[in-house]
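Trainee: Sharing a structure, written as structure tokens. Questions coming.
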Amino acid sequence: MRWFVRSDIDGFFGLALDNLVQLLLIDALCRLVLGFDAELVHGHILPGTAIAVLVGNLYYAREAMRVGRAEGRADACALPYGINTVSIFGFVFLVMLPAKLAAQGPDASRIAFRAGLVACFGSGLIELAGSFVAEWLRKHTPRAALLSTLAGIALGFISLGFLLRTFSRPIVGLSTLAVVMLPYFGRVRFKGGVPAGLIAVALGTLLSWITGIAPGGPPPPPPSFHLPLPMVSELFGALTGPDALTYFSVIVPMGLFNLLGSLQNIESAEAAGDSYETLPALAVNGVGTILGALFGSCFPTTIYIGHPGWKAMGARAGYSVLNGAFVTLICVTGTVANIAWLVPIDAGGAIVLWIGIVITAQAFSATPREHAPAVVMGLLPGVAAWGALLAKQGLRAADYHPFDSGLVDRFLRTDTWIEGAFALEQGFVFSSVLLAAMTVAVIERRFARAAVWALVCAALSALGLMHAYAFTPGDTRLVLAPAWPFVIGYGAMAAVFGSARWLVVHDDSGGHE
206 MRWFVRSDID
216 GFFGLALDNL
226 VQLLLIDALC
236 RLVLGFDAEL
246 VHGHILPGTA
256 IAVLVGNLYY
266 AREAMRVGRA
276 EGRADACALP
286 YGINTVSIFG
296 FVFLVMLPAK
306 LAAQGPDASR
316 IAFRAGLVAC
326 FGSGLIELAG
336 SFVAEWLRKH
346 TPRAALLSTL
356 AGIALGFISL
366 GFLLRTFSRP
376 IVGLSTLAVV
386 MLPYFGRVRF
396 KGGVPAGLIA
406 VALGTLLSWI
416 TGIAPGGPPP
426 PPPSFHLPLP
436 MVSELFGALT
446 GPDALTYFSV
456 IVPMGLFNLL
466 GSLQNIESAE
476 AAGDSYETLP
486 ALAVNGVGTI
496 LGALFGSCFP
506 TTIYIGHPGW
516 KAMGARAGYS
526 VLNGAFVTLI
536 CVTGTVANIA
546 WLVPIDAGGA
556 IVLWIGIVIT
566 AQAFSATPRE
576 HAPAVVMGLL
586 PGVAAWGALL
596 AKQGLRAADY
606 HPFDSGLVDR
616 FLRTDTWIEG
626 AFALEQGFVF
636 SSVLLAAMTV
646 AVIERRFARA
656 AVWALVCAAL
666 SALGLMHAYA
676 FTPGDTRLVL
686 APAWPFVIGY
696 GAMAAVFGSA
706 RWLVVHDDSG
716 GHE
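The following block contains the structure:
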């Protein structure tokens, strides 16, 4: 096991590009949606993000070296680590934007920034505390439940999103997709050993400039160096402020979301052949998020989706080190805006699309064949959540307001049951895991266990961590209030499963009445 191998360059281009996409999203959403000035974004938020990403990347690279040497093999792949798309959208649209809309004053942007710091810090605390019980959760949760949830996120928020971008700009999108498909699906290499990721990005950038996609507006100002600065006073002021508790309904589910998501990614890595200790891996994940918040980041870090993809590329430990160095460099030098101007997201979208496809496929290939229906069940909430997000983005684009119960009636006129999408969107990570686990229990005829999973669904619905939502001026958001219809519905499911031993007989004929 060596620190660097040639294929780490391939892995670096893939992971760095994936992280770069998230940084570009942070830059765009913070400035264009939240109205943050460039000094706040490039002087505090991005440097704080660099601290969080660097710490995790170095740790997970060291862990890959330890595992490889301990097991006497040279192919251990470091857990990928960074900022995920779901957290970015969640914290922007469920925390900071509502805080800004509620403030409606000259300090609205600062209040929104503080809300993001609180949410990020709280999420990190939950990730850190949850690391001590995560292994128990992992042992008692079917692999189909963990991997299908991850696949739902990959399919909806990553694959479909970038698929739409690919077919919106087909000259760039389809050309780079072909470049990515050859080595990663066809298992071939380009002559001369040139990394496929580099070829895809270079070709995509060239075609983007030829077709007019790039550059995106006038050139940005020259880069300027920004050291990460502690933002403890801002964070403490927000934590002790009167509105701190209003963020609780988002902090808890997002923190648990990142905890479960990271746990699922560890499970994904083990399925691909790399077994890492759960507690320290998740603890460092939480520590990275907390450090980021202390230095101004509003976005939690997570063990990244895509380990099987990077391992298939041949990435080992070095790609993680290179990624940490790259993210730190572009964040503290303020060059994110310059890169966005030069290299549009379209140039590397095919790589991100491929990673989403691999994760979705793994949910089926790494689970028992008879559990396939459970995988599909686990996929559905994530896809529904992405559909709800897409519907709301469309409404915002049409300048529709306000968001209220009348919106549900308007959708019903077209036989679109948007209320179900809104309900599934809230806590969809939990509902995905639990519905898949429930289905596995039914497949295995462990009906009492299926009843227990249904009761867990009822309990989370009663606590408001699943399905409960309220309308805000431009969105729907989770509220910590009982979702009674779902409590009753899941309770009824538990009653059916619990009484199944007296109601059914085994039928192995394969037929259905």
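If you read the sequence shown in the working numbering, its first letter stands for residue 206, the second for the next number, and so on.
For each residue, glycine too, the CB sits at the ideal point set by N, CA and C.
Predicted model only: the values in this text are computed from it and were never measured.
Excluding the 5 residues preceding and the 5 following PHE691 in the sequence, name in chain order all residues of the same chain whose CB lies nearer than 6 Å to its CB.
Mentor: Correct list, in chain order: SER666, HIS672.
Trainee: If you scan the region 447-520 from start to end, which runs of the alpha helix (DSSP H) of 4 or more residues do you find wholly inside it?
Mentor: Counting whole runs of 4 or more residues, the region 447-520 contains the alpha helix (DSSP H) stretches 453-476, 483-499, 512-518.
Trainee: In chain order, what residues of the same chain have a beta carbon less than 8 Å from the beta carbon of PRO252, not counting five sequence neighbours either side?
Mentor: Hits under 8 Å: HIS431, LEU432, PRO433, LEU434, PHE500, GLY501, CYS536, VAL537.
Trainee: Can you pull the DSSP bridge partners for ASP680?
Mentor: DSSP, once it has assigned bridges, lists THR677 as partnering ASP680.
Trainee: Identify, in the order they occur along the chain, each residue of the same chain with its Cβ nearer than 6 Å to the Cβ of LEU465, setting aside the five sequence neighbours on each side.
Mentor: Around LEU465: VAL634.
Trainee: For ALA552 and ALA405, what's the separation of their Cα atoms in angstroms?
Mentor: When rounded, the distance between both Cα atoms is 7 Å.
Trainee: How long is the line joining the alpha carbons of LEU668 and GLY491, rounded to whole angstroms?
Mentor: Taking the straight line joining both Cα atoms gives about 24 Å.
Trainee: Whole angstroms is fine: what's the gap from PRO427's alpha carbon to ASN543's?
Mentor: Rounded to the nearest angstrom, the two C-alpha atoms are 8 Å apart.
Trainee: Does DSSP put TYR605 in a helix, a strand or coil?
Mentor: In the structure shown, TYR605 sits in coil (DSSP, three-state: anything other than H, G, I, E or B).
Trainee: At what residue ranges does the region 556-622 contain a whole run of the alpha helix (DSSP H), taking only runs of 4 or more?
Mentor: Taking only runs of at least 4 residues, the alpha helix (DSSP H) segments lying wholly in the region 556-622 are 577-602, 610-617.
Trainee: In the DSSP assignment, what are the bridge partners of ILE231?
Mentor: Per DSSP, none; premise fails for ILE231.
Trainee: According to DSSP, is ILE288 part of a helix, a strand, or is it coil?
Mentor: Strand at ILE288.
Trainee: If we count the other Cβ atoms within 10 Å of its Cβ and call it buried at 16 or more, is ALA686 buried or exposed?
Mentor: Exposed, because fewer than 16 other Cβ atoms sit within 10 Å of the Cβ of ALA686.
Trainee: Where does PRO400 fall in DSSP's three states?
Mentor: Reduced to three states, the DSSP call for PRO400 is coil.
Trainee: With the cut-off set at 8 Å, would you say ALA520 and SER212 are in Cβ contact?
Mentor: Yes, these two residues count as a Cβ contact at 8 Å.
Trainee: What whole-angstrom Cβ distance do PHE390 and GLY554 have, given they're in contact under 8 Å?
Mentor: About 16 Å; that fails the 8 Å criterion.
Trainee: Between which residues of its own chain and ALA476 is the CB-CB distance below 6 Å, once the five residues before and five after are set aside?
Mentor: Contacts found: ALA571.
Trainee: Please report the distance separating the alpha-carbon of GLU244 from that of VAL300.
Mentor: Answer to the nearest angstrom: the Cα atoms are 21 Å apart.
Trainee: Please report the straight-line C-alpha distance between ALA324 and VAL541, rounded to a whole angstrom.
Mentor: Near 24 Å, if we compare the C-alpha coordinates of VAL541 and ALA324.
Trainee: On the three-state DSSP scale, how would you describe ILE214?
Mentor: In this structure, ILE214 counts as helix in the three-state DSSP scheme.
Trainee: Could you tell me if LYS305 is buried or exposed, where buried requires 16 or more neighbouring beta carbons within 10 angstroms of its beta carbon?
Mentor: LYS305 is buried by the Cβ-count criterion.
Trainee: Starting from the C-beta of GLU439, find all residues in its chain whose C-beta is less than 7 Å away, skip the five residues before and the five after it, and write them out in chain order.
Mentor: Counting only Cβ-Cβ distances below 7 Å, and skipping sequence neighbours, we find ARG319, LEU322.
Trainee: Considering only the alpha carbon of each residue, which of GLY357, GLY277, GLY409, LYS396 lies closest to LEU382?
Mentor: It is GLY409 whose Cα lies nearest to the Cα of LEU382.
Trainee: If I measure Cβ to Cβ from LEU487 and keep anything under 6 Å in the same chain, skipping five residues before and after, which residues do I get?
Mentor: Only SER336, ALA339, SER467 meet the Cβ criterion.
Trainee: Using alpha carbons as the reference points, say which of MET206, ALA221, PHE209, ARG207 lies closest to LEU534.
Mentor: Of the listed residues, the one whose Cα sits closest to LEU534 is ALA221.
Trainee: If you scan the region 634-701 from start to end, which runs of the alpha helix (DSSP H) of 4 or more residues do you find wholly inside it?
Mentor: As far as the region 634-701 is concerned, its whole alpha helix (DSSP H) runs of at least 4 residues are 652-668.
Trainee: State buried or exposed for ASP215, treating a residue as buried only when at least 16 other CB atoms are found within 10 Å of its CB.
Mentor: That one is buried.
Trainee: Once DSSP output is grouped into helix, strand and coil, what is the label at HIS711?
Mentor: In the structure shown, HIS711 sits in coil (DSSP, three-state: anything other than H, G, I, E or B).
Trainee: Tell me the rounded alpha-carbon separation between SER566 and SER525.
Mentor: Strictly speaking, residue 566 in this sequence is Ala, with Ser absent from that position. Going from the Cα of ALA566 to the Cα of SER525 covers about 24 Å.
Trainee: Whole angstroms is fine: what's the gap from PRO420's alpha carbon to ASP232's?
Mentor: Each residue's Cα considered, the two are about 16 Å apart.
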